[in-house]
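Structure first, then comments.
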Amino acid sequence: MRIPQSGLRVDSPAFPLLQALLSYLGQADNDGNVLGTTIRCGNLALEPSYAGHALKILSGPAAGQTRDAITHPAGTDTVTVANAFSNVGGVAQQITAGTRFVILSRTPAIAEVAALAAALGVHDVDIKAILAAADIDVAALAAALGVHDVDIKAL
Numbered sequence: 000m001r002i003p004q005s006g007l008r009v010d011s012p013a014f015p016l017l018q019a020l021l022s023y024l025g026q027a028d029n030d031g032n033v034l035g036t037t038i039r040c041g042n043l044a045l046e047p048s049y050a051g052h053a054l055k056i057l058s059g060p061a062a063g064q065t066r067d068a069i070t071h072p073a074g075t076d077t078v079t080v081a082n083a084f085s086n087v088g089g090v091a092q093q094i095t096a097g098t099r100f101v102i103l104s105r106t107p108a109i110a111e112v113a114a115l116a117a118a119l120g121v122h123d124v125d126i127k128a129i130l131a132a133a134d135i136d137v138a139a140l141a142a143a144l145g146v147h148d149v150d151i152k153a154l
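According to numbering that gives the first Met the number 0, the sequence shown is numbered sequentially starting from 0.
What follows is the structure, encoded as structure tokens:
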């Protein structure tokens, strides 16, 4: 697991929440395919398979888009997503070297995040601020979780 510190102290009671939501944060170091369905990062070859996780692009023409990872063979630097990333014109967008991305943990339910916060004795934690510090679009995360009309901050 490789996650950002984002200025959040390791001894902060909110740090486990960030760890629960993110599996990997990286930057592509090779170009993916021109179809916009792969992302390549050498460090991924050292990680377990992230197939079944959600991959979100943080920079470049496809920034903000999240797709389901369908394959990531162990020992490889390539994650393949189910549907192509696209640019503002809706055309498939190749994910090029230098693109920042995050792999989200296997979509924890909002109730699981709340239970984790309670188990840690964390109260009045601004989950929305934690997600923003990690460059995670709260609306996209809620959509990926299948959550609608829920005030994540209220947790």
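Think of the CB as a built atom: it goes at the ideal place given N, C-alpha and C, for glycine as much as any other residue.
Check, Outcome
"Span of the alpha helix (DSSP H) holding F14?", "F14 to L20"
"Under a three-way DSSP split, which group does M0 fall into?", "Confidence in M0 is poor, its pLDDT being 48 and thus under 50, which makes the residue's placement unreliable; the coordinate value appears in the next sentence. Reduced to three states, the DSSP call for M0 is coil."
"Report the option in V33, V80 and L16 whose CA atom is closest to the CA atom of V90.", "V33"
"Pick from L103, R99 and T70: whose alpha carbon is nearest that of T36?", "T70"
"Where does A153 sit, in a helix, a strand or coil, going by DSSP?", "Low local confidence applies: a pLDDT of 47 at A153 is under 50, so the model's placement there is unreliable, with the coordinate-based value given in what follows. Correct three-state label for A153: helix."
"Which residue's Cα is closest to the Cα of T95: D28, A83 and A13?", "D28"
"Looking at the unbroken beta strand (DSSP E) that takes in L43, where does it start and where does it end?", "No beta strand (DSSP E) holds L43; DSSP gives it neither H nor E."
"Return helix, strand or coil for A117, following the three-state DSSP convention.", "helix"
"Give me, in chain order, the residues of the same chain whose beta-carbon lies closer than 6 Å to that of A68; leave out the 5 immediate sequence neighbours on both sides.", "Y49, A50, H52, L54, V78 and V80"
"Locate the beta strand (DSSP E) running through I94, then write down its first and last residues.", "Per DSSP, I94 belongs to no beta strand (DSSP E) and is neither H nor E."
"Exposed or buried, what is R39 when buried is set at 16 or more other beta-carbons lying within 10 Å of its beta-carbon?", "buried"
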